[in-house]
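Structure first, then comments.
This is how it looks when you write it as structure tokens:
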């Protein structure tokens with residue numbers, strides 16, 4: 001996979017040289033290229049922003065340098081492969097939520113180009129222009145505002161990179177992650193333990209050393225439901241009824257959830273209309 005990042009703070013992306021992503025780059029599994037947006041400015045101050053039309057506080061990133069930068073980055077890929085077509089990812093608090101499902105979707109694309117904004121954002125015409133020739137994803141990593149989109153690029157890159165074939169040492173490592181497609185799609189991963197078996201007077205659940213794989217799997221799923229019910233009840237509400245077995249339903253009942261007519265579960269104490 002190829003990743004391009006256009007930013008006014010290239011040094012912010014230095015963490016992409018270490019840990020999992022850094023190793024993937026060293027092995028040639030991930031080709032990361034960071035570009036300084038100011039290379040495509042033409043004034044003595046390397047200006048990338050200006051005041052907003054309509055007035056108001058803050059500054060808006062100018063379309064000219066962004067257009068030249070994106071054209072150059074795209075051309076560098078299509079020169080080698082005329083059919084290459086990147087996905088443009090724009091981190092923004094006004095975008096769609098970044099989820100594990102979206103991470104999986106992006107991991108299946110061979111080339112991502114990130115456009116992290118600063119100030120009040122990028123002139124909207126840039127998004128409109130490239131939306132006519134590329135798939136554009138405006139993505140939010142949470143309901144809060146950062147000083148810029150570079151931190152979001154780091155988050156998205158790590159979430160996507162770990163899904164690429166061969167990046168994780170164990171190909172099955174991400175299958176039991178929170179939100180992983182399949183059985184964990186709407187669940188948080190439960191607690192985990194390692195050696196020693198006793199630490200400061202605290203032991204580990206006996207089932208984990210029983211050697212009974214079926215019971216261990218059941219315990220882990222039960223703990224996932226308990227944690228999700230406690231920390232993210234909204235996920236329980238959207239659980240696919242078809243993915244719930246008899247034991248799951250009984251456990252949710254014990255946790256105070258009410259089964260609704262459509263097979264889904266309502267929050268504890270929620271009244272069910274007859």
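Numbering (UniProt numbering), first residue to last: 1 to 274.
Note that beta-carbon positions come from the ideal geometry of N, C-alpha and C, so glycine has one too.
(message) In the DSSP output, what is residue 137 paired with across the bridge?
(response) BP columns for residue 137 point to 89.
(message) To the nearest angstrom, how far is the alpha carbon of residue 100 from that of residue 62?
(response) 32 Å
(request) Look at the alpha carbon of residue 20 and the alpha carbon of residue 106, and state the distance between them as a whole number of angstroms. (result) 17 Å
(request) May I have the straight-line CA-CA distance separating residue 206 from residue 191, to the nearest angstrom? (result) The straight-line gap from Cα to Cα measures roughly 14 Å.
(request) Please classify residue 42: is it buried, with 16 or more other beta-carbons within 10 angstroms of its beta-carbon, or exposed? (result) exposed
(message) Nearest by alpha-carbon distance to residue 231: which of 262, 218, 258, 267 is it?
(response) Looking at the Cα atoms, 267 is the closest of the given residues.
(request) Could you please give the first and the last residue of the uninterrupted alpha helix (DSSP H) stretch that includes residue 225? (result) Per DSSP, the unbroken alpha helix (DSSP H) holding residue 225 starts and ends at 213-231.
(request) Quick one: grab the DSSP three-state call for residue 273. (result) Its pLDDT being 48, under 50, residue 273 is placed unreliably in this model, and the value from its coordinates should be taken loosely. DSSP, read as helix, strand or coil, puts residue 273 in coil.
(request) Enumerate in chain order the residues of its own chain whose CB-to-CB distance from residue 274 is below 7 Å, with the five nearest sequence positions on each side excluded. (result) Any reading at residue 274 needs caution, since the residue's pLDDT is 41, under 50, leaving its predicted position unreliable; the model's value is listed next. Once the five neighbours on either side are set aside, residue 274 has no close Cβ partner at all.
(request) Between the Cα of residue 1 and those of 13, 25, 90, spot the shortest distance and give me the residue it belongs to. (result) 25
(request) Compute the beta-carbon to beta-carbon distance between residue 196 and residue 152, rounded to the nearest angstrom, for a pair I have assumed lies under 8 Å. (result) Contact doesn't hold; Cβ gap of about 39 Å is too wide.
(message) Comparing C-alpha positions only, which one of 4, 263, 8 sits nearest to residue 147?
(response) 8
(request) On a CA-only basis, which of 110, 6, 11, 109 is nearest residue 276? Give me that one, please. (result) For residue 276 there is no data in the structure shown, the boundaries of the chain being 1 and 274.
(request) Determine the burial state of residue 229: buried for a count of at least 16 other Cβ atoms within 10 Å of its Cβ, exposed for fewer. (result) buried
(request) Work out the CA separation of residue 16 and residue 37 for me, nearest whole Å. (result) 18 Å
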